[in-house]
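These notes concern the structure reproduced below.
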Amino acid sequence: MNVSLTLYGVRKVNHLIKNQWWAVYAHLIANRIRRLGVLAEIFLDDEDFVELQKLHNIKGIIISGGPNSTLDENSPIINKKIFDLQVPILGLCYGHQSICKTFGSKIVPGEVKEYGLATLNIDLNKNSPIFKNLHNQQRIWMSHGDSVISVPEGFEIIGSTQSCEIAALQNLQKQIFSFQYHPEVTHTQNGVQMIKNFLFEICKCDDSQWDPKQYTQSIQNEIQQYIQNKKTGSKIFTLVSGGVDSTVAFTLLNKALGKDLNYGLFINNGLLRKGEFEFVDESIKKLGYDNFHSYDASEIFLNNLKEVYDPEEKRKIIGKTFIEVQRKVLQELNLNPQEWLLGQGTIYPDTIESKGTKHSDLIKTHHNRVEIIQDMINQGNVVEPLQNLYKDEVRAVGLELGLPQNLIWRHPFPGPGLGVRCLCSEFDSVDQEYLQKFHHINKEITKALEEHDINGSILQVKSVGVQGDQRTYRHPACIYAQNIFQNFKQNYKEQKMGEQIKEDEEQNWIWARLEHYSTQLTNKYDEINRVVILLKSRNYDAFAQNDNQNLKLQKVYITEKRISVLQMADHITMKHLIGNNLMKIVWQCPTVLIPLGQGKGESIVLRPVFSQEAMTAEFAKIDFKILEKLATEILDQVQEITEVYYDITNKPPGTIEWE
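Residue numbers for the sequence shown follow my numbering, beginning at 9 and rising by one.
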């Protein structure tokens, strides 16, 4: 198939798309373009520029964002030869700044770092083709620290925000466009339309359909060819978790190679959901596969995780232990390790967040990208048939393979299981100097919320986030009142001044206010990378005293008892989602156990999100009544829990998982 659009940057595979230079978000561009029916290929700046020049039908180039600063001495730079190709170019975020720097603009550290929603004011008088059919104000998503402060010669400003005057530029003569924001993320209101305009109005691309049937056959052919070319190792030992990715991978390998050359192993790592081990074992066997084996290794995993607190270390240990158990099972089954390769259901976001591209920043190590597995990959001993696909594409392939809906539409569940949802702490207190700093910030947060008679404070635990395309490990801020929704309802009632109140409009207004505060706090304070609200406390009066000083940080690691507590809370959460028909609406719902509570208790954080591909996500706006019933049942049924929180952070700045 012909290439219609080129992304100048990282690589992916096949005739589809790969990531650009450095960024987490670059793959989102690929995903968006595929959905629009345009084929593309991604190139690694100077490394692949020679190959890029060989293409005679390039329609356009997109330069994506990334974690670097153009002010850094060793920051990636644009190969200026791409401007000689005489095709339209679009720069996004870092790409915007790189284009501006190339053409003589000045870049400075921003006085206000922007991580989250902003309003773009479009200058419609400029008649920019990239903003065709758009109104003058658009909700956009920012994630940057540096800013362009001068307009390069030949360019003109076509869009600004309150904090960023040069948010969008164009040079019509050279057909160069650039945005400081991310149109590819779902949070940008009409980002897809902006990308459409670039593809079809500016680049004059022809659309072509991505066909799951054709792509499924293509993958099977590649697998067969790969195995035929292997000098050693012609069989695949596939790790199956019961999730959609590994199930589709296992099925695809069975289709391509047959049962004799593919064997599935489902490992109980002791970190599964309640009843998950039995469910997965039964579901896979119902598909008619007898080349499948379940193995209980929970004791091994829990023993290896003793006194481990760091989230990165946990992921690495879990990933390494999977391989140790796989090799142990190979030996017990009397299988020759030299004949077997490792099969995994790795998808593209896993490789990105694990620093799978040249300049992308490490967000977190995925269990299938730990050192021992990476070494096997480098040796050509790992087969990952889905490594170039996003979740929605994996589901399309699964449906094409004839897998049942109940397996295809399961919520994503991390390979390390509840191990990354069971937060640990090496300490039982935070440094006193840090607490003093918290006290000052807590006062500022509460003052910002005083119109709603609501308080705010920073919690002592930490979680993983992604801000400015970089990994962060920071604290959540908590917004709280005895009944936070009731406080906002009263504000809304006063605002309506006697008008009839519609419940759905009221809830939308309240969620919008909470989203505003979440964005505001994560932008303003470096110490914060996510925001939660208190749904319910076992003893609210004690909770609210002295900036939540009655909350105690517990020195704990992963134990069978803590996993059991988390399983109970997670089971209750899933029951409410299923009972309220939310499983297809909510993309994923991590239930997180945090070592913070009153007395010797701990707390639960609910993290349901809306997403399409997991690269970005929006916190789920679920009906207040459902949340109140859910929080009440958790406190009633799980005595070890003293507080239930609700995460109101989008991704970015907070990752979907807390670790």
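Glycine included, each C-beta is placed from N, C-alpha and C at the ideal position.
- Residue pairing by DSSP places Asn531 in no beta bridge whatsoever.
- Selection Asn547, Gln575, Trp348, Ser526 evaluated against Gly609 yields Asn547 as nearest (Cα-Cα).
- Beta-carbon to beta-carbon, Thr599 and Leu585 are separated by about 10 Å, too far to satisfy the 8 Å threshold.
- Following the DSSP letters along the chain, one finds Val200 inside the alpha helix (DSSP H) bounded by residues 199–204.
- CA-to-CA, the gap between Ile536 and Ser155 works out to about 21 Å.
- Fewer than three Cβ pairs drawn from the stretch 428–442 and the stretch 402–414 lie within less than 8 Å of each other, which leaves the two stretches out of contact.
- Between Phe185 and the set Asn198, Leu125, Phe91, Phe258, the nearest pair of CA atoms involves Phe91.
- Taking a contact as a CB-CB distance under 8 Å, the pair Gly278 and Leu247 does not count as one, their CB atoms being some 16 Å apart.
- At least 9 Å separates the beta-carbon of Ile492 from that of Ile466.
- Exposed is the label assigned to Ser158, since fewer than 16 other Cβ atoms lie within 10 Å of its Cβ.
- Ranked by how close their Cα comes to the Cα of Tyr654, the residues Asp644, Thr640, Gln645, Gln647 have Thr640 in first place.
- For Asn537, the enclosing beta strand (DSSP E) stretches over residues 536–545.
- Runs of the beta strand (DSSP E) lying entirely within the stretch 556–640 and spanning at least 3 residues, in chain order: 559–561, 599–602, 604–606, 610–614.
- The C-beta distance from Lys243 to Trp348 rounds to 5 Å, short enough to fall under 8 Å.
- Annotated three-state conformation of Arg281 is coil, per DSSP.
- DSSP places Glu192 outside both helix and strand once states are collapsed to three, so it counts as coil.
- Annotation: the continuous beta strand (DSSP E) that includes Pro484 extends over 478–488.
- In this structure, the CA atom of Thr663 is about 30 Å from the CA atom of Gly272.
- Setting aside the 5 residues that flank it on each side, Gln145 is surrounded in the same chain by Thr127, Leu128, Asn129, Ile130, each with a C-beta closer than 8 Å to its C-beta; the list follows chain order.
- The alpha-carbon separation between Asn589 and Asn414 amounts to approximately 14 Å.
- Assignment of Thr650 by DSSP, reduced to helix, strand and coil, places it in the strand class.
- Beta-carbon to beta-carbon, Gln490 and Asn558 are separated by about 15 Å, too far to satisfy the 8 Å threshold.
- Per the Cβ contact rule, the stretch 500–511 is not in contact with the stretch 560–572 (fewer than 3 Cβ pairs under 8 Å).
- In this structure, Asn658 places its C-beta atom within 9 Å of the C-beta atom of Phe627.
- Two segments are said to touch when three or more pairs of C-beta atoms, one from each, lie closer than 8 Å; by this definition the stretch 189–201 touches the stretch 96–103.
- Scanning Lys501, Tyr533, Asp534 for the CA closest to the CA of Ile518 turns up Lys501.
- Of the candidates Leu338, Glu321, Gly327, the residue whose Cα lies closest to the Cα of Tyr303 is Leu338.
- For Glu320, the closest C-alpha among the options Leu265, Thr196, Cys432 is that of Cys432.
- Taking C-beta atoms as the reference points, Leu180 and Ser136 count as a pair closer than 9 Å.
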